[in-house]
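Numbers 2 to 334, taken from my numbering, label the letters of the sequence shown in order. Written out below as structure tokens is the structure these notes cover.
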Amino acid sequence: NTSNDNSNNNNDNLAQLQRAGITQVSFTAMDRFEAIRSWLKTAPVLGGKKAAEHPLAVPFKYLEEEAPSNWPLGAPGAGAKSRLGATCKGSSTGSAAGAEPLRALAIQQRLSTELRQSLFVAVMGAEDFEHAAERLSHVALTAKAGVAEACLILFHCAIREKAPNPFYEHICEVLCSRPAPWGKKFSHCLKRAAVQHLQQAHTYGLRATVALAELIAALITCPASAVPLAIVRFVRFGEAGGGAGKAVGGVLGLLLRHMAESLLKRSADADAAAAIFEPLTKYEDVREGLLLVVDGLVKPRLPPKAEEPLLWEKFRAARRKLATLATVAKDQA
Numbered sequence: 002n003t004s005n006d007n008s009n010n011n012n013d014n015l016a017q018l019q020r021a022g023i024t025q026v027s028f029t030a031m032d033r034f035e036a037i038r039s040w041l042k043t044a045p046v047l048g049g050k051k052a053a054e055h056p057l058a059v060p061f062k063y064l065e066e067e068a069p070s071n072w073p074l075g076a077p078g079a080g081a082k083s084r085l086g087a088t089c090k091g092s093s094t095g096s097a098a099g100a101e102p103l104r105a106l107a108i109q110q111r112l113s114t115e116l117r118q119s120l121f122v123a124v125m126g127a128e129d130f131e132h133a134a135e136r137l138s139h140v141a142l143t144a145k146a147g148v149a150e151a152c153l154i155l156f157h158c159a160i161r162e163k164a165p166n167p168f169y170e171h172i173c174e175v176l177c178s179r180p181a182p183w184g185k186k187f188s189h190c191l192k193r194a195a196v197q198h199l200q201q202a203h204t205y206g207l208r209a210t211v212a213l214a215e216l217i218a219a220l221i222t223c224p225a226s227a228v229p230l231a232i233v234r235f236v237r238f239g240e241a242g243g244g245a246g247k248a249v250g251g252v253l254g255l256l257l258r259h260m261a262e263s264l265l266k267r268s269a270d271a272d273a274a275a276a277i278f279e280p281l282t283k284y285e286d287v288r289e290g291l292l293l294v295v296d297g298l299v300k301p302r303l304p305p306k307a308e309e310p311l312l313w314e315k316f317r318a319a320r321r322k323l324a325t326l327a328t329v330a331k332d333q334a
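Shown next as structure tokens:
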């Protein structure tokens with residue numbers, strides 16, 4: 002009888018919870034709140050203290066009146082409330098102040114979709130690269146194509162800088178270092194974004210070309226992203242007035258030269274440099290084209306051997322890999 006009574010009581014309780022609209026998710030949220038509450042109780046700074054015992058006197062109407070000169074938290078000014086209200090009215094997502102100018106800039110740069118504009122605001126409105134990666138991840142998870150669009154936005158912003166900015170390569174590293182499956186998704190989509198921009202590189206200006214080369218070199222040398230140098234085969238060498246086996250000049254020559262120089266500088270030693278250039282040996286025409294770039298464009302710009310002996314070791318290892326390994330592989334075949 003006792004077991005039947007307990008079962009009936011449980012059923013009644015479950016029925017009441019269902020009528021009240023309380024689900025398992027609600028209990029999960031309460032567990033999280035309880036964890037935060039426990040942390041607040043045990044934190045060295047906050048533990049055992051009540052907010053009522055430590056009030057902060059506010060001698061003016063915050064966000065409406067000017068703050069006194071001795072106010073310790075800065076002076077938000079009377080216009081802060083109006084700016085905040087304008088932001089909330091203009092943004093359907095209730096973004097923070099300053100988002101609307103960035104969204105207008107995104108529209109000016111022909112980012113037509115709401116998702117791309119939000120991703121742009123997430124990157125350009127961040128405090129640092131870790132903050133940008135966090136904001137970018139949150140926005141990317143709201144759409145099915147969010148990860149792919151986020152990677153495209155990173156390239157979009159990077160190639161519009163006046164000079165190569167390591168801010169974007171740090172964001173890529175943080176995103177690719179995330180636990181599976183998201184880290185692998187970002188790595189795959191960054192590779193696809195790099196291929197798309199390499200296919201259009203012949204239409205870029207000098208600044209965009211250098212920024213693109215620097216970002217791709219960073220992705221190639223970053224263990225988390227694992228982008229292979231073999232993606233340069235997607236460069237449209239025909240747009241340079243010849244095939245990959247002929248001398249490459251103009252924008253594509255600048256792209257490959259700067260990329261090769263950056264790869265040599267970023268690689269740790271000669272073995273690492275040789276490993277980076279090894280995938281090109283599978284593509285004979287691309288290998289010949291990059292070998293010409295290395296000999297004709299990179300080598301004359303190297304500093305004297307006495308000043309940078311390690312750089313020369315890496316250069317010789319990379320060139321040796323481009324010049325000899327393909328011939329050996331052909332003989333073995």
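All C-beta atoms in this analysis are idealised placements derived from N, C-alpha and C, irrespective of residue type, glycine included.
query, result
"Through-space distance from A271 to R317, alpha-carbon basis", "8 Å"
"Within 8 Å, strictly: CB atoms of L137 and I172", "yes"
"Start-to-end residues for the alpha helix (DSSP H) that takes in D286", "285 to 294"
"Buried/exposed call for I154, threshold 16 Cβ in 10 Å", "buried"
"Cβ neighbour criterion (16 or more within 10 Å) applied to I217", "buried"
"Helix, strand or coil at P69 [DSSP, three-state]", "coil"
"Separation of A159 from K42, as counted between CA atoms", "44 Å"
"Residue range of the unbroken alpha helix (DSSP H) whose run includes L142", "No alpha helix (DSSP H) contains L142, which DSSP labels as neither H nor E."
"Buried/exposed call for A181, threshold 16 Cβ in 10 Å", "exposed"
"Three-way DSSP call (helix, strand, coil) for I221 in this model", "helix"
"Within the stretch 163 to 190, ranges of the alpha helix (DSSP H) (whole runs, at least 4 residues)", "167 to 177"
"Range of the contiguous alpha helix (DSSP H) that encloses S119", "115 to 125"
"Sequence-distant residues of the same chain with beta carbon closer than 7 Å to H157, five excluded per side", "none"
"From R237, G239, L255, V233, residue whose alpha carbon lies closest to that of V211", "L255"
"Segment limits, alpha helix (DSSP H) that includes E262", "251 to 267"
"Contacts around R237, its chain only, beta-carbon distance under 7 Å, and the 5 residues preceding and following it disregarded", "Q200, H203"
"Which listed residue (V59, S268, G206, K283) has its alpha carbon closest to that of P220", "The sequence shown places Leu at residue 220, rather than the Pro named in the question. Checked all of V59, S268, G206, K283; the closest Cα to L220 is S268."
"6 Å Cβ shell around T325 - same chain, five flanking residues per side excluded", "none"
"Nearest-angstrom Cα separation, counted from E150 out to K315", "36 Å"
"N- and C-terminal bounds of the alpha helix (DSSP H) containing D272", "271 to 278"
"Inter-residue spacing [alpha-carbon to alpha-carbon] between C223 and A36", "36 Å"
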